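Engineer:
Protein chains: 4
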Amino acid sequence: MVCTVEIYEKPKLNNPVLIEGLPGIGFVANIATLHLIHELKAKLFAEMHSSAFQDFAITADQGKTRHPVNEFYYYKGRDDERDLILLYGNTQALTTMGQYELCGRTLDVAEELGCNYIITLGGLRRDEKITTPKLYCAASDKEALKDALNMGASILGGQIFGVAGLLVALGKLRGFKGFCLLAETPGFYPDVQAAHTALKPICNMLRLNVSLDRLEVAAEETRKILESFGLLETPLEERRKEESEYRWFV
Amino acid sequence: MVCTVEIYEKPKLNNPVLIEGLPGIGFVANIATLHLIHELKAKLFAEMHSSAFQDFAITADQGKTRHPVNEFYYYKGRDDERDLILLYGNTQALTTMGQYELCGRTLDVAEELGCNYIITLGGLRRDEKITTPKLYCAASDKEALKDALNMGASILGGQIFGVAGLLVALGKLRGFKGFCLLAETPGFYPDVQAAHTALKPICNMLRLNVSLDRLEVAAEETRKILESFGLLETPLEERRKEESEYRWFV
Amino acid sequence: MVCTVEIYEKPKLNNPVLIEGLPGIGFVANIATLHLIHELKAKLFAEMHSSAFQDFAITADQGKTRHPVNEFYYYKGRDDERDLILLYGNTQALTTMGQYELCGRTLDVAEELGCNYIITLGGLRRDEKITTPKLYCAASDKEALKDALNMGASILGGQIFGVAGLLVALGKLRGFKGFCLLAETPGFYPDVQAAHTALKPICNMLRLNVSLDRLEVAAEETRKILESFGLLETPLEERRKEESEYRWFV
Amino acid sequence: MVCTVEIYEKPKLNNPVLIEGLPGIGFVANIATLHLIHELKAKLFAEMHSSAFQDFAITADQGKTRHPVNEFYYYKGRDDERDLILLYGNTQALTTMGQYELCGRTLDVAEELGCNYIITLGGLRRDEKITTPKLYCAASDKEALKDALNMGASILGGQIFGVAGLLVALGKLRGFKGFCLLAETPGFYPDVQAAHTALKPICNMLRLNVSLDRLEVAAEETRKILESFGLLETPLEERRKEESEYRWFV
Chain A
-9 MVCTVEIYEK PKLNNPVLIE GLPGIGFVAN IATLHLIHEL KAKLFAEMHS
41 SAFQDFAITA DQGKTRHPVN EFYYYKGRDD ERDLILLYGN TQALTTMGQY
91 ELCGRTLDVA EELGCNYIIT LGGLRRDEKI TTPKLYCAAS DKEALKDALN
141 MGASILGGQI FGVAGLLVAL GKLRGFKGFC LLAETPGFYP DVQAAHTALK
191 PICNMLRLNV SLDRLEVAAE ETRKILESFG LLETPLEERR KEESEYRWFV
Chain B
-9 MVCTVEIYEK PKLNNPVLIE GLPGIGFVAN IATLHLIHEL KAKLFAEMHS
41 SAFQDFAITA DQGKTRHPVN EFYYYKGRDD ERDLILLYGN TQALTTMGQY
91 ELCGRTLDVA EELGCNYIIT LGGLRRDEKI TTPKLYCAAS DKEALKDALN
141 MGASILGGQI FGVAGLLVAL GKLRGFKGFC LLAETPGFYP DVQAAHTALK
191 PICNMLRLNV SLDRLEVAAE ETRKILESFG LLETPLEERR KEESEYRWFV
Chain C
-9 MVCTVEIYEK PKLNNPVLIE GLPGIGFVAN IATLHLIHEL KAKLFAEMHS
41 SAFQDFAITA DQGKTRHPVN EFYYYKGRDD ERDLILLYGN TQALTTMGQY
91 ELCGRTLDVA EELGCNYIIT LGGLRRDEKI TTPKLYCAAS DKEALKDALN
141 MGASILGGQI FGVAGLLVAL GKLRGFKGFC LLAETPGFYP DVQAAHTALK
191 PICNMLRLNV SLDRLEVAAE ETRKILESFG LLETPLEERR KEESEYRWFV
Chain D
-9 MVCTVEIYEK PKLNNPVLIE GLPGIGFVAN IATLHLIHEL KAKLFAEMHS
41 SAFQDFAITA DQGKTRHPVN EFYYYKGRDD ERDLILLYGN TQALTTMGQY
91 ELCGRTLDVA EELGCNYIIT LGGLRRDEKI TTPKLYCAAS DKEALKDALN
141 MGASILGGQI FGVAGLLVAL GKLRGFKGFC LLAETPGFYP DVQAAHTALK
191 PICNMLRLNV SLDRLEVAAE ETRKILESFG LLETPLEERR KEESEYRWFV
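Chains as they are written, first to last, in the working numbering: chain A, -9 to 240; chain B, -9 to 240; chain C, -9 to 240; chain D, -9 to 240.
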């Protein structure tokens, strides 16, 4: 595998928090992070490419090609807002080895910018109908767990697949603290309600001055991306299979 | 993966265009590029081998073995014809990582010869009957998109799998411009009509003085290669499965 | 693949024996080795991580994340007890290449500490009901085979998959002696009886002053780990399939 | 992948021919090469190990472990016999990349010993009943093809999977000449008749003073190895599937 990071700018940040926002169950992290990028006008400062991404081009608006990519944005907090590094992208890696490398490079970037706290978001798939999504969490240590429990999250049992789990677990090995916050979702479709449930307490914790009123805009953009992939037309059953094969929406 | 390029000759070219012609849906690119090699008497100057190619030998005419290979040809344009680099071969790589590496090496070769424009060809599979194949395109940028739209192509939505998509998308990251041009095809068989539809406007754009009268010769040669692989005897349903597994004709 | 060993302490050991205790059929090695770590208060001195491990985080007690990991413990024998290196962990590697690398690194660690004898444990799956599990063995050479036969084990025919087999076979190439000892088990569940059957003669051979009375504690802990993975809820048939795919419990 | 060759002795050979004898369809090459090793008392001079081999230990006679391995033997011809390098083993690599690396290392060994001619053997699976197996061939060039046709072989169409095909095809790229000789076989079982058919003209061509009377001994030994793998008990249908998955007997 070859995973490379191209850095356009090296921002000076004050004790930033890394928020992971790659595609996953219900696109919870994807929507939430895109919304933060929109609202905070976060700035793109690095791109990450991996030969473990799918081998295709994606067509974007107006006939332009896009490649599978992960992007890093930063935000310098105003007033008492926390500085942020945002990891956003249109894919995770297709192999476990690719995922390990992706997380390793991400931690390199975070470390270099003085970050020592990681928040990963995600969806927790539920087959039953969800009226109000509940939050679940797992953390690197007691202190970070307390941060997550303070948001009203319950302790999670089981595994957390993909970058959402791996980034916290591998980060812990390198001295990062942090937690993974999952909102209940039926999955398969961009779930704006689950994204809202997860993002709201994060904004409080980091004292981010962000309204969630326009969250639907980020969800709509996410839907459009999926549509351009032809993914929303795929029948559910097949999609389920694709999920496990392609790690595309995990 | 190990992907190596053996260079036999380093041609001096004037702002050449790279045309990709590897096996893919309907063998559109494969036929079109082979025809250009035939008609322009393009010269082989490099071979590319990858450990991500299938691990077999192919038998060619008269009992000789052939290995899976990608070849580079060049053509120095006469009069106002554009100089060309032609990528031709009997396979794509079997893994996404192999495909990324293949495209990387191809861009290295192109870059070294002063090329900054890439045209990839392909088929767009349609289940319905096709009377006159329509053309679709996606491009690296507005300018290249205009080039493709000028050919009467429509804007493509969705993904472009394999080298046809990846080469334009990854090329863009390294400063190449270019587009992917897909002709509608039922796929599965070498489709001379789709190849004709895609190649004709390319010849116009690049002012290539090439008749398409003998295009059937290249299609027939492509059919013979497939036959020697035993591929044309495989029932359609199985072939469909093989396509996704083997990336052999994508 | 990238497999790294982080060494916290370099113990001085006298001709130590390496005991392999990774998850496998019936969790025989896993239970037995955990019990030795408990009873002997063996000390953690190194951790091994591989990008061929599953890409997820595991939740441990009280909401904390754990990563897939292999750990090395040591024990300095008292009186005439043999010095030990214990390899314990919650996973094997997911690919054959990852397994080869894992075994290579393990042999590096063992070699550096002056070890030249390897004992791997495991389960031998039987479909019929097992009243008293029998022991089977395979060894690097005549001498080590005699050690194993002295325990009342019968000679094994067939293959020994995973680290249990590979470590002895690859060790032999590097001058290690040793054997693999398998106890009959229905598999799929942590099998305390099989672990007892395998561990008892090992303790005798190495003159380890260890009671097996609390072996159930290690089995219970192993069950809890599996439960936290959600694995014990998986229907048997599916688990069987997962075994071959995931090499998780081999 | 990591593929290493350990060389025990560097024999001085005079223009030796490399004969490939790894497990494949009908075990034709495996039986034939083992017979040559037996009869000519060929000497082991190198071993090749790859992390693309299966991750298991095999139990050999009397409880000893064996690892997946490829071995190199040499034979210095007497009188006008040709000098030989014999590649024998109990497996091919499990991945295409592993196969490419295996062939690359094999060619390195051959080149270093002054070899420039390769003969690979194999079976050509036929579903109908075979009374007298016919021979088929494919070669690097006209000259080598003539050698093979002189044996009464017909020209082969289609692909030659695995090391038998790849070694000739990749060898050709590095200046080796040679051919692949396939004997018709139902496959799946060590086929002494097919091995006889392929080996006889090879002995003539290389003027090897070898009786084929005891060929059944090599076939029986091959059967025993398969039996110890438990492979001969596997129902045929499943074996067919395993073949494509495991590349074990190709």
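Idealized CB from N, CA, C, for every residue including glycine.
For clarity, every value in this text was computed on a predicted model and none was experimentally measured.
Less than 7 Å between CB atoms is the rule here; does N144(C) satisfy it with respect to chain A?
Structural biologist: To locate residue 144(C), count along the third sequence from 1; it is residue 154. Inspection of the sequence shows that residue 144(C) is occupied by Ser rather than by Asn. It does not; no Cβ of chain A falls within 7 Å.
Engineer: Can you name the start and end residues of the alpha helix (DSSP H) that T187(B) belongs to?
Structural biologist: In the second sequence, residue 187(B) corresponds to position 197, counting from 1. In the DSSP assignment, T187(B) falls within the unbroken alpha helix (DSSP H) covering V182 to M195.
Engineer: Can you check whether the C-beta of Y126(A) is within less than 7 Å of a C-beta belonging to chain C?
Structural biologist: Residue numbering aside, residue 126(A) sits at position 136 when the first sequence is read from its first letter. Closer than 7 Å: no.
Engineer: Taking the beta carbon of G165(A) as the centre, do at least 16 other beta carbons fall within 10 Å, making it buried, or is it exposed?
Structural biologist: Residue numbering aside, residue 165(A) sits at position 175 when the first sequence is read from its first letter. Result: exposed.
Engineer: Counting only runs that start and end within the stretch 27 to 104 of chain D, where is the alpha helix (DSSP H) found for 4 or more residues in a row?
Structural biologist: 86 to 102
Engineer: What separation, rounded to the nearest whole angstrom, lies between the Cα atoms of Y126(D) and T49(C)?
Structural biologist: In the fourth sequence, the residue the question calls residue 126(D) occupies position 136. In the third sequence, the residue the question calls residue 49(C) occupies position 59. When rounded, the distance between both Cα atoms is 59 Å.
Engineer: Return no unless some Cβ of chain D is closer than 7 Å to the Cβ of V158(C).
Structural biologist: Within the third sequence, numbered from 1, the residue matching residue 158(C) stands at position 168. Judged by the 7 Å Cβ criterion, V158(C) is in contact with chain D.
Engineer: Give the interface partners of L135(C) over in chain D, defined as CB-CB distance under 8 Å, in chain order.
Structural biologist: Taking the third sequence and counting its residues from 1, one reaches residue 135(C) at position 145. In chain order: Q52, G53 and K54.
Engineer: Have a look at V182(C) and Q183(A) and give me their C-alpha separation to the nearest angstrom.
Structural biologist: As a position in the third sequence, residue 182(C) is number 192, starting the count at 1. As a position in the first sequence, residue 183(A) is number 193, starting the count at 1. Between V182(C) and Q183(A), the C-alpha separation is close to 46 Å.
Engineer: Starting from K167(D), follow its DSSP beta bridges and name the residues at the other end.
Structural biologist: Taking the first residue of the fourth sequence as position 1, residue 167(D) is located at position 177. Answer by DSSP bridge pairing, in chain order: Y107(D).
Engineer: Give the residues of chain A in contact with I48(C), contact being defined as C-beta atoms less than 7 Å apart.
Structural biologist: As a first step, residue 48(C) is located in the third sequence; it is residue number 58 there, counting from the start. Residues of chain A passing the Cβ test: Q149.
Engineer: For H57(D), go through chain C and note every residue whose CB falls closer than 8 Å to its CB, in chain order.
Structural biologist: Along the fourth sequence, read from residue 1 onward, the residue named residue 57(D) stands at position 67. Result: L156, A159, L160, K162 and L163.
Engineer: What separation, rounded to the nearest whole angstrom, lies between the Cα atoms of L163(D) and F46(D)?
Structural biologist: Taking the first residue of the fourth sequence as 1, we reach residue 163(D) at position 173. Taking the first residue of the fourth sequence as 1, we reach residue 46(D) at position 56. The alpha-carbon atoms of L163(D) and F46(D) are separated by roughly 34 Å.
Engineer: Which whole-angstrom value is the C-beta distance of L114(D) and L172(D), which I expect to be below 8 Å?
Structural biologist: Mapped onto the fourth sequence, residue 114(D) falls at position 124. Mapped onto the fourth sequence, residue 172(D) falls at position 182. The Cβ separation is near 4 Å, so the contact holds.
Engineer: Out of D203(C), I215(C) and L157(C), state which residue places its alpha-carbon closest to the alpha-carbon of L8(C).
Structural biologist: For the purposes of this step, residue 8(C) is identified with residue 18 of the third sequence, where counting begins at 1. Closest by alpha carbon: L157(C).
Engineer: Any chance the CB of S40(B) is under 6 Å from a heavy atom of the ligand FMN?
Structural biologist: In the structure on display, the ligand FMN does not appear, and there are no ligands present to speak of.
Engineer: For A143(A), name the three-state secondary structure that DSSP assigns.
Structural biologist: For this step, residue 143(A) is matched to residue 153 along the first sequence. DSSP places A143(A) in coil when its eight states are reduced to three.
Engineer: Is C(-7)(D) near R95(D), with beta carbons less than 7 Å apart?
Structural biologist: Along the fourth sequence, read from residue 1 onward, the residue named residue -7(D) stands at position 3. Along the fourth sequence, read from residue 1 onward, the residue named residue 95(D) stands at position 105. Yes, Cβ-Cβ distance for C(-7)(D) and R95(D) is below 7 Å.
Engineer: Can you tell me the Cα-Cα spacing of G79(C) and G148(A), whole angstroms?
Structural biologist: Within the third sequence, the letter at position 89 stands for residue 79(C). Within the first sequence, the letter at position 158 stands for residue 148(A). Approximately 17 Å, taken between the alpha carbons.
Engineer: Just to confirm before moving on: does the CB-CB distance between V18(D) and A128(D) stay below 7 Å?
Structural biologist: Counting from 1 along the fourth sequence, the entry for residue 18(D) is found at position 28. Counting from 1 along the fourth sequence, the entry for residue 128(D) is found at position 138. V18(D) places its beta carbon 7 Å or farther from that of A128(D).
Engineer: With DSSP collapsed to three states, give me the class of T(-6)(D).
Structural biologist: For the purposes of this step, residue -6(D) is taken as residue 4 along the fourth sequence, with counting starting at 1. Reduced to three states, the DSSP call for T(-6)(D) is strand.
Engineer: Strictly under 7 Å for the Cβ-Cβ distance: is T96(D) near chain B by that measure?
Structural biologist: Mapped onto the fourth sequence, residue 96(D) falls at position 106. Chain B, which has no Cβ nearer than 7 Å to the Cβ of T96(D), makes this no.
Engineer: Contact criterion: CB-CB distance below 7 Å. Does S41(A) meet it with respect to chain B?
Structural biologist: Sequence index remark: in the first sequence, residue 41(A) carries index 51 (1-based). Interface residue, yes.
Engineer: Leaving out five residues before and five after A159(C) in sequence, what residues of the same chain have Cβ atoms less than 7 Å from its Cβ?
Structural biologist: As a first step, residue 159(C) must be located in the third sequence, where it is residue number 169. Closer than 7 Å at Cβ, skipping near neighbours: no residue.
Engineer: Put G155(A) into one of helix, strand or coil per three-state DSSP.
Structural biologist: Here the question's residue 155(A) lines up with position 165 in the first sequence. DSSP places G155(A) in helix when its eight states are reduced to three.
Engineer: Using a Cβ-Cβ cutoff of 9 Å, what residues of the stretch 179 to 195 of chain B are near chain D? List them in chain order.
Structural biologist: Residues passing the 9 Å Cβ filter: none.
Engineer: Check whether the Cβ atoms of L26(B) and L76(B) lie closer than 7 Å to each other.
Structural biologist: Working through the second sequence from its first residue, we reach residue 26(B) at position 36. Working through the second sequence from its first residue, we reach residue 76(B) at position 86. Taking 7 Å as the Cβ cut-off, L26(B) and L76(B) qualify as a contacting pair.
Engineer: List the residues that DSSP assigns as beta-bridge partners of Y126(C).
Structural biologist: On the third sequence, position 136 is the one that residue 126(C) refers to. DSSP, once it has assigned bridges, lists S144(C) and L172(C) as partnering Y126(C).
Engineer: Using 7 Å as the threshold, is the C-beta distance between E71(B) and L216(B) below it?
Structural biologist: Taking the second sequence and counting its residues from 1, one reaches residue 71(B) at position 81. Taking the second sequence and counting its residues from 1, one reaches residue 216(B) at position 226. In this structure, L216(B) does not lie closer than 7 Å to E71(B) by Cβ.
Engineer: Along the stretch 75 to 99 of chain C, what residues have a CB closer than 9 Å to any CB found in chain A?
Structural biologist: L84, T85 and G88
Engineer: So that I know if they touch, is there some Cβ in chain C lying closer than 7 Å to that of S201(D)?
Structural biologist: As a working note, residue 201(D) is residue 211 in the fourth sequence. Not closer than 7 Å to any Cβ of chain C, the Cβ of S201(D) fails to qualify, so no.
Engineer: When burial is assigned at 16 or more other CB atoms within 10 Å of the CB, is Y90(A) buried or exposed?
Structural biologist: Mapped onto the first sequence, residue 90(A) falls at position 100. It counts as buried.
Engineer: Run through chain C and tell me which residues come within less than 8 Å of S130(A), C-beta to C-beta.
Structural biologist: Taking the first sequence and counting its residues from 1, the one referred to as residue 130(A) is at position 140. Within chain C, the residues near S130(A) are K54 and T55.
Engineer: Let me check one thing: in DSSP terms, what residues is R116(C) bridge-paired to?
Structural biologist: For the purposes of this step, residue 116(C) is taken as residue 126 along the third sequence, with counting starting at 1. Answer by DSSP bridge pairing: none, since R116(C) is not bridged.
Engineer: Got a sec? Which residues, its chain only, sit under 7 Å from P248(A) by beta carbon, not counting five neighbours each side?
Structural biologist: The structure shown does not extend to residue 248(A), since chain A spans only -9 to 240, so no value can be given for it.
Engineer: List, in order along the chain, the chain A residues whose C-beta lies closer than 8 Å to that of C170(B)?
Structural biologist: Sequence index remark: in the second sequence, residue 170(B) carries index 180 (1-based). Per Cβ cutoff of 8 Å: A47 and T55.
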